[in-house]
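The opening residue of the sequence shown carries number 1 in the UniProt record's numbering; numbering runs sequentially from there.
Take a look at the structure set out below.
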Amino acid sequence: MAAPKFLTTEQGRSIAYHAHAGAGVTLVFLGGLKSDMEGTKAIHLEAWAKAAGLGFLRFDYSGHGESSGRFEEGCIGDWHEDTIAAVSALTTGPLLIVGSSMGGWQALLLAKVMPERIQGMVTVAAAPDFTEDGYWASFSAAQKAELEAQGYVELPSDYMEPYRISKRMIEDGRNRLVLRQPLDLPFPVRCLQGTADTVVSTDTALRLLQHASCVDMRLNLVKDADHRFSDDACLKLIETSISELL
Numbered sequence: 001m002a003a004p005k006f007l008t009t010e011q012g013r014s015i016a017y018h019a020h021a022g023a024g025v026t027l028v029f030l031g032g033l034k035s036d037m038e039g040t041k042a043i044h045l046e047a048w049a050k051a052a053g054l055g056f057l058r059f060d061y062s063g064h065g066e067s068s069g070r071f072e073e074g075c076i077g078d079w080h081e082d083t084i085a086a087v088s089a090l091t092t093g094p095l096l097i098v099g100s101s102m103g104g105w106q107a108l109l110l111a112k113v114m115p116e117r118i119q120g121m122v123t124v125a126a127a128p129d130f131t132e133d134g135y136w137a138s139f140s141a142a143q144k145a146e147l148e149a150q151g152y153v154e155l156p157s158d159y160m161e162p163y164r165i166s167k168r169m170i171e172d173g174r175n176r177l178v179l180r181q182p183l184d185l186p187f188p189v190r191c192l193q194g195t196a197d198t199v200v201s202t203d204t205a206l207r208l209l210q211h212a213s214c215v216d217m218r219l220n221l222v223k224d225a226d227h228r229f230s231d232d233a234c235l236k237l238i239e240t241s242i243s244e245l246l
């Protein structure tokens, strides 16, 4: 396996990445919270893009994978800055963005910054505004007091060790919300969502579909698919969705 390369951002963060050039569109994979660029979907899509002659970029946000920083110190805004830096420095021409879970939120934030470069977008279990609608909305009075007193709370995860959610992440997330203001997506969008997802609900997927302004936006609900969305059938569906937009 090839070693990653590293990009230093304006903020001084070191971002690990893998990229290759191709013809025409570049696929950019944006991973989820506490995921890294070695996940099943990222690796699969990299091989698929290479076979199709397309450019591809995958990277680790700061505090994730092999990039610098600690997860507990990061927030949505930091990872948005990392995304802008990586895409700006490491790609040229039109983009097709694939955003998974928190990466779906990052994809929507990126669309606000460089809509003219995005040819299409595929979201997989997109989780926009989850710091407010998922974490904060579900915190008990005791958890909110704990967040204020010590600056973080720990939450269990179905997939890994507990998340440590910082007060900074909650407060910064409020400055990045996309479902409470106009969301213009001037390119085709395909949203994929599993009905057995215990992390992101189908209600979130429907809310995004109803909220965004987009002339060609479709939601595909997959019965019994979970949040990973990484079995053979789900990977094939991601491929098909990308192909529609190329």
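Cβ coordinates follow ideal geometry from the N, Cα and C atoms, glycine included.
These numbers come from a predicted model, not from an experiment.
Secondary structure of residue i, DSSP reduced to three states
i, result
"residue 87", "helix"
"residue 183", "coil"
"residue 102", "helix"
"residue 54", "coil"
"residue 95", "strand"
"residue 19", "strand"
"residue 69", "coil"
"residue 14", "strand"
"residue 240", "helix"
"residue 112", "helix"
"residue 223", "coil"
"residue 204", "helix"
"residue 33", "coil"
"residue 117", "helix"
"residue 195", "coil"
Residue i vs residue j beta-carbon contact at 8 angstroms
i, j, result
"residue 15", "residue 100", "no"
"residue 192", "residue 220", "yes"
"residue 248", "residue 217", "Since the first residue shown for the chain is 1 and the last is 246, residue 248 is missing from the structure and cannot be characterised."
"residue 72", "residue 157", "no"
"residue 120", "residue 155", "no"
"residue 173", "residue 131", "yes"
"residue 86", "residue 57", "yes"
C-alpha distance - residue i paired with residue j, whole-angstrom precision
i, j, result
"residue 244", "residue 104", "18 angstroms"
"residue 143", "residue 10", "35 angstroms"
"residue 32", "residue 227", "11 angstroms"
"residue 141", "residue 148", "11 angstroms"
"residue 18", "residue 206", "33 angstroms"
"residue 62", "residue 4", "14 angstroms"
"residue 46", "residue 30", "12 angstroms"
"residue 127", "residue 24", "29 angstroms"
"residue 233", "residue 213", "29 angstroms"
"residue 69", "residue 242", "32 angstroms"
"residue 169", "residue 223", "32 angstroms"
"residue 153", "residue 22", "43 angstroms"
"residue 108", "residue 34", "19 angstroms"
"residue 198", "residue 211", "22 angstroms"
"residue 230", "residue 38", "13 angstroms"
Interface flag, residue i vs chain B, CB-CB below 8 angstroms
i, result
"residue 73", "You won't find chain B in this structure, because it holds only one protein chain."
Cβ-based burial, residue i [other Cβ within 10 Å; buried from 16]
i, result
"residue 215", "exposed"
"residue 138", "exposed"
"residue 91", "buried"
"residue 26", "buried"
"residue 114", "exposed"
"residue 106", "buried"
"residue 184", "exposed"
"residue 51", "exposed"
"residue 236", "exposed"
"residue 20", "exposed"
"residue 196", "exposed"
Give the list of continuous alpha helix (DSSP H) stretches no shorter than 4 residues that lie fully inside the region 127-193. 141-150 and 167-173, all fully within the region 127-193.
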